[in-house]
Each structure stands twice: as C-alpha cells, then as structure tokens.
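Per my numbering, the very first residue in the sequence shown carries number 446; after that it's consecutive. Cβ atoms here follow ideal geometry from the backbone N, Cα and C, with glycine treated the same way. Note that this is a predicted model, so its numbers are computed, not measured. Okay, so here's the structure we're looking at.
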Amino acid sequence: MKKLLVSTALTLALGLPALAQDYTPDPNAKAGGSIVITYKDDVATLDPAIGYDWQNWSMIKSLFDGLMDYVPGTTTLRPGLAESYEISADGLTYTFKLRAGVKFHNGREMTAEDVKYSLDRVTNPATQSPGAGFFGSIAGFDAAGDGGLSGVEVVDPLTVKITLSRPDATFLHVMALNFASVVPKEAVDESGADFGKTPVGTGAYKLAEWTLGQRLVFAKNADYWRAGVPYLDQIIFEVGQEPVVALLRLQNGEVDVPGDGIPPAKFTEVMGDPAQAERVVVGGQLHTGYITLNVTTPPFDKVEVRRAVNMAINKDRIVQIINGRAVPATQPLPPSMPGYTEGYAGYAYDVDGAKKLLADAGLADGFETELYVMNTDPNPRIAQAIQQDLAAIGITASIQSLAQANVIEAGGAGTAPMIWSGGMAWIADFPDPSNFYGPILGCAGAGEGGWNWSKYCNEGLDAKAVEADSTYDPALAADRMKMWSDVYMGVMEDAPWVPVFNEERYTMKSPRMGGEDALYVDPVSIPVNYDYVWVKE
Numbered sequence: 446m447k448k449l450l451v452s453t454a455l456t457l458a459l460g461l462p463a464l465a466q467d468y469t470p471d472p473n474a475k476a477g478g479s480i481v482i483t484y485k486d487d488v489a490t491l492d493p494a495i496g497y498d499w500q501n502w503s504m505i506k507s508l509f510d511g512l513m514d515y516v517p518g519t520t521t522l523r524p525g526l527a528e529s530y531e532i533s534a535d536g537l538t539y540t541f542k543l544r545a546g547v548k549f550h551n552g553r554e555m556t557a558e559d560v561k562y563s564l565d566r567v568t569n570p571a572t573q574s575p576g577a578g579f580f581g582s583i584a585g586f587d588a589a590g591d592g593g594l595s596g597v598e599v600v601d602p603l604t605v606k607i608t609l610s611r612p613d614a615t616f617l618h619v620m621a622l623n624f625a626s627v628v629p630k631e632a633v634d635e636s637g638a639d640f641g642k643t644p645v646g647t648g649a650y651k652l653a654e655w656t657l658g659q660r661l662v663f664a665k666n667a668d669y670w671r672a673g674v675p676y677l678d679q680i681i682f683e684v685g686q687e688p689v690v691a692l693l694r695l696q697n698g699e700v701d702v703p704g705d706g707i708p709p710a711k712f713t714e715v716m717g718d719p720a721q722a723e724r725v726v727v728g729g730q731l732h733t734g735y736i737t738l739n740v741t742t743p744p745f746d747k748v749e750v751r752r753a754v755n756m757a758i759n760k761d762r763i764v765q766i767i768n769g770r771a772v773p774a775t776q777p778l779p780p781s782m783p784g785y786t787e788g789y790a791g792y793a794y795d796v797d798g799a800k801k802l803l804a805d806a807g808l809a810d811g812f813e814t815e816l817y818v819m820n821t822d823p824n825p826r827i828a829q830a831i832q833q834d835l836a837a838i839g840i841t842a843s844i845q846s847l848a849q850a851n852v853i854e855a856g857g858a859g860t861a862p863m864i865w866s867g868g869m870a871w872i873a874d875f876p877d878p879s880n881f882y883g884p885i886l887g888c889a890g891a892g893e894g895g896w897n898w899s900k901y902c903n904e905g906l907d908a909k910a911v912e913a914d915s916t917y918d919p920a921l922a923a924d925r926m927k928m929w930s931d932v933y934m935g936v937m938e939d940a941p942w943v944p945v946f947n948e949e950r951y952t953m954k955s956p957r958m959g960g961e962d963a964l965y966v967d968p969v970s971i972p973v974n975y976d977y978v979w980v981k982e
C-alpha cells in the first residue's frame, strides 16, 4: 500500500492539517522558580482518559503526552511522542514511529505496547471515558472492550500502526487530545480507580503532592524528552480560593495566575486601573455561547417559533452585560474556526418580525416556557435579559437558576425547554468544524444524557457531516470546509439554537511571569500552557 511520509513542506503542499516540526524556545527564558495558581474548586481527576473540564485540561496536558501535540500558543499540529508518521494513500492507515528513550515518571521507557494499551483503555466501555467517541473511526471501535481495538497494531517496540474503518480528516487532531495520552499499564493496575489521583505519564511535570481540598504540587520532570523545557521547578495549585480573594492575593504578590480569571464584578475596576490592566492578557477562543431550544417540546417543535426566538434576542445588550468581552454570534461556529461562513449575518434583531412569525405559528398571544441557567454570575443576569427580550414578543419564560450539574442533567434528559449555556458553553476540543457538530448538534448527541440539549436530529445534515469528515483527500480540503459551512447553514435554517456570542478570554498574570501572552490564553492548553511559561526573578 502506497504511503505518504509526512513532513512540514509536504503537509503544506498537500493541504493536510497544519504541522510544525519544531518550536523555538524563548531566548529570554530563565530556568527555575515556582509559581502559584489558584482555583475555586478542587480538581476532579488527573486521569487523561477521564478528565474533561477546562480546569484539569491543561494540568493533564502537562503530566502526559500523546502521539501528536500543538505548537505552544497555537492550533498548529506538531509531532509529540511520535517522531514521524506515514499515512496510506487511501487515508485509512497511520503508521507512527515513536521517539526512542522517552521515560514515564516511574523511570520505565515507553514503547508501542503502551500506545496500544492506552488506546484500548480509553475506548473500553468499562473505563467510561467521556472521550471514547472521538476514536470511533478506528477499526474495531464498535467491538472495543477487554480484547482491545483490532485496528491498533504493535509493529515493533517503536512502531504502532492504526487502521481506520473510514477516512477521518480529524484523526491527527484526535491523536493530540488528552484522551489519547500514553499511560503505563503497571501504574494503572497498581492504582486502579485512584489513577486519577496518582497519575504517571511522560509529561513535562510530575505530580509531587495532592492534599485534597487544599493544593496540588507539580514538580519538574528532569527526564523530559523535549530539550530545554519546562522552565519552572515547581507549580503550586491552590484550590478552595474564591476568585475575588485570588485577585486580591495577586494584587498583593501572593498569586501568579488566578485560574478562574477576572471576577465579573471586578472587571471594570481592573480594566480601569492602568497598573492592573497592564497585567491582563486577552485572547480569542474557539467558543460559542448559545440558547438551546428543545425541538421535541411544543411549541419549539415549530421552526417558526425557533426562528422568532432567534430574532427576539438582543445580543449586543447581552455582550454589554459581560463588559464587552465577546462579539455577537451569527452561527454555531466561532469566527476563528475553519468552516465559518463569512458574510452570513444570521437572524437580525427584529421584535416586530419575531411577533409576526409567532402569529404565523398560531401563537399570536405568546406562550409560557422555562429557561434553565447555571446559577453563577453573570449567567443569571444574562438569563434575565433573555427573559425580558422574550417578554417583548409575548413569551413568558420563568427562570430556573440551578447548579451546573442540575442544568446539565436536565439538558441531557430533555426536560429543559430552553437552556442558556453560559458557564457550560462549548469550547472546541480541537480546531476543526466537526467538533462543534457531532457532540452538540448531531443525532448521536441527542440521546439520553447527551450534550445536544436541543434534542435536534437532522439525518440529512448528519450524512453531510459524515461525508465531510470522510473527505480526506488533501486536494479537497477547501471542498471539505465548504461542506461544513453548508451543514451549519442548514442548522441555522432549522434554528435549534440561538447563537448569542463568541467570548474572548481575559486572564491576569503577576509582574514576575515571563513568556509570550499567547501561552496564557493558549487555545489548546486551556487556560495556561504551563510547560513554556517562566519567571523573571
């Protein structure tokens, strides 16, 4: 079978996912030192097969590595534990050559057997990984279990071959997800269900201490396979810190990065003080905040009603509620995502037009419904603005302000007619348009417990989505993006969502922190790329 040996030049020439071989470390960086990061909540787990929230994502990424990785501060792919790889001409077989001499934190060298074990583990239903579905294109996925994946084969100690059941244009991105991290079987066997509290990986840092409810300490991995990094000797994560207190401690020089960001109530004060504003870092993110409309709950089963709600929402006013830290959204994809439809204006804010659509649907007198929202600021305030907008067209929405877990439960169960997604909104797992469809708009995500809270299922669009992701031929990369644009335009026709805004990330760092700003709003290592930041003193 003919194969392509992928290099940077070849990647660019063929239109494959952007790939970089090397990253030039900061020439001003200094080695050594310790930093303090704060979080309000404790960390749930550091198991890469399980962890799936914005808080533990960057921590896990610093403890573990996968076959692929991203250039720091970017969405550009680069090799990770794979030194190189080859792709068959039909896009079905990936052969990865591993780096020699890479050691786990327990001192043992990593081999291809570890790669197979890790992929078998994450896709085994017994693991209950929320990321298992990302690996659905690997041959044998449907039968995954104790016997492992038939499509993952150890060729020799430093070579692993992965065969797909269908071409998957996102596969290299999947191999860069935390879920694809390589773990040592003996460490998992020894710790069992506690592996998430006693993680062992190949990453730049290793866990040195975890006092539940108080702090975690990461220590530099002196045997890390990437030369020159990490710079820091130690990272201390202090948990149980209220965001307002964390900000005060940063102002007093006791904290280096408040992990929960700038508290909304303090944003205007911070930005109005030149000394504090100088320490603020702003960056875009692959994020969309939206209102879901449950298409299985009358009257949201009528497209005219859903379109009316889209036209009723004053997005500019909602952006003002969060101090202008976003731009109004016109479609599910954020503007920086490939496949975004340039020039599409979405549904205009039009109260009279919305009223007419309701009348056309036989609801000239309006109706009553419920709007679910996460009960942390600023989300209840945003829900109140949505409530007022709906009232202007005759819709009476009672607000159900609940803990995040309860909103997620109601969304998954399909018992919430409307949900404002704030605090739970989608941030892309990888920079490809498919990631905004399958989990939150596709038919598979509409099942019990899924994240498609609109319970929207358009089988025709699902088929187009599969076609798009099966379009591996690099010469058709532009055609694939057009397919995805068409899918999302089809979604907007059906209007199961009200896309409200694309939020920008604002974080702060202490004056002693070094490293380019992009590392503090890293689009992949949310919120901070700890491997490449450093301290000036």
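Beta carbon of residue i nearer than 8 Å to that of residue j
i      : j      : result
GLY784 : MET926 : yes
TRP896 : ALA861 : no
ASN906 : GLY935 : Before going on, a small fix: residue 906 reads as Leu here, not Asn. Yes. Within cutoff.
ILE680 : TYR975 : yes
LEU738 : VAL715 : no
LEU508 : ALA527 : no
LEU617 : LEU543 : no
ILE736 : TRP865 : yes
LEU778 : PRO878 : yes
GLY867 : GLY734 : yes
MET928 : LYS909 : yes
VAL633 : ARG660 : no
VAL567 : GLY576 : yes
Closest residue to residue i among the options (Cα-Cα distance)
i      : options                        : result
GLY769 : GLU949, SER899, THR490, ALA913 : GLU949
GLY585 : LEU609, LYS747, THR483, THR713 : LEU609
ALA638 : THR615, ALA571, THR647         : ALA571
PRO517 : GLU528, PRO675, ASP668         : PRO675
LYS812 : ALA830, LEU802, ALA842, GLY798 : A small correction: the amino acid at residue 812 is Phe; Lys does not occupy that position in the sequence shown. It is ALA842.
GLY536 : ASP613, PRO876, SER507         : ASP613
THR519 : LEU964, TYR977, GLU982         : LEU964
GLN765 : ASP471, ILE827, ALA649, THR604 : ILE827
PHE875 : PRO884, GLY685, GLY868         : PRO884
TYR901 : VAL645, TRP929, ALA940         : ALA940
THR741 : ASP924, ARG751, ALA474, GLY734 : ARG751
LYS548 : TYR515, ASN666, MET620, ASP587 : ASN666
ASP487 : ALA855, LEU808, GLY658, VAL852 : GLY658
THR469 : GLY960, VAL980, LYS981, VAL973 : GLY960
ALA850 : PRO472, ASP498, TYR484, ALA474 : ASP498
PRO956 : GLY646, ALA577, ALA722         : ALA722
GLU531 : PHE541, GLU787, GLY525, ARG523 : PHE541
HIS550 : TYR917, LEU802, PHE624, ASP510 : ASP510
VAL973 : MET958, LYS981, GLU982         : MET958
ILE767 : ALA830, PHE624, PRO780         : ALA830
GLY856 : THR521, GLY894, ALA836, LEU847 : GLY894
GLY596 : LEU693, MET869, ILE583, GLY890 : ILE583
TYR484 : ASP705, VAL605, TRP502, VAL599 : ASP705
ALA799 : SER846, GLN573, LEU816, ALA836 : ALA836
THR814 : ILE844, THR786, THR775         : ILE844
Whole-number beta carbon distance between residue j and residue i, since they are thought to touch under 8 Å
i      : j      : result
PRO719 : VAL689 : Actually they do not touch by this definition, with Cβ atoms about 21 Å apart.
ASP810 : GLU749 : Contact doesn't hold; Cβ gap of about 15 Å is too wide.
THR615 : ASP931 : Not really, about 18 Å apart at Cβ, beyond 8 Å.
PHE946 : PRO773 : 6 Å
ILE607 : TYR539 : 5 Å
GLY590 : ASN623 : Not quite, the Cβ-Cβ distance comes to about 22 Å (not below 8 Å), so this is no contact.
LEU803 : ILE763 : In fact, because the Cβ distance is near 21 Å, the residues do not count as touching under 8 Å.
ALA474 : TRP979 : 5 Å
DSSP beta-bridge partners of residue i
i      : result
GLY728 : ARG950
VAL597 : ILE607
ILE840 : PHE812
TRP942 : THR737
LEU693 : BP columns for LEU693 are empty, so no partner.
THR538 : THR608
ALA771 : GLU948
PHE682 : ILE482, LEU661
SER846 : VAL818
GLU654 : VAL662
ALA423 : As shown, the chain starts at 446 and ends at 982. That puts residue 423 outside it, with no answer to give.
Closer than 8 Å to chain B by CB, residue i
i      : result
GLY890 : Of the protein chains in the structure, only one exists, and it is not chain B.
#### Entry: Sufficient close CB pairs (3 or more, under 8 Å) joining the stretch 819 to 837 to the stretch 968 to 975
The count of Cβ pairs closer than 8 Å, one atom from the stretch 819 to 837 and one from the stretch 968 to 975, stays below three, leaving the stretches out of contact.
### Query
Taking contact to mean at least 3 C-beta pairs separated by less than 8 Å, is the stretch 554 to 562 in contact with the stretch 478 to 489?
Between the stretch 554 to 562 and the stretch 478 to 489, the count of C-beta pairs closer than 8 Å stays below three; the two stretches do not touch.
### Query
Does the stretch 792 to 812 come within contact of the stretch 757 to 766, defined as at least 3 CB pairs closer than 8 Å?
Short answer: they touch.
### Inter-stretch contact (C-beta, 8 Å, three-pair minimum) for the stretch 726 to 736 and the stretch 940 to 956
These segments touch.
### Query
Is the number of C-beta pairs between the stretch 623 to 634 and the stretch 478 to 497 that are closer than 8 Å three or more?
Short answer: they touch.
### Message
Contact between the stretch 687 to 701 and the stretch 661 to 678 is defined here as three or more beta-carbon pairs at a separation below 8 Å; is this criterion met?
### Response
No: fewer than three Cβ pairs fall under 8 Å.
### Query
Is the stretch 634 to 648 in contact with the stretch 563 to 570, if contact means three or more CB pairs nearer than 8 Å?
Too few Cβ pairs lie closer than 8 Å, so no.
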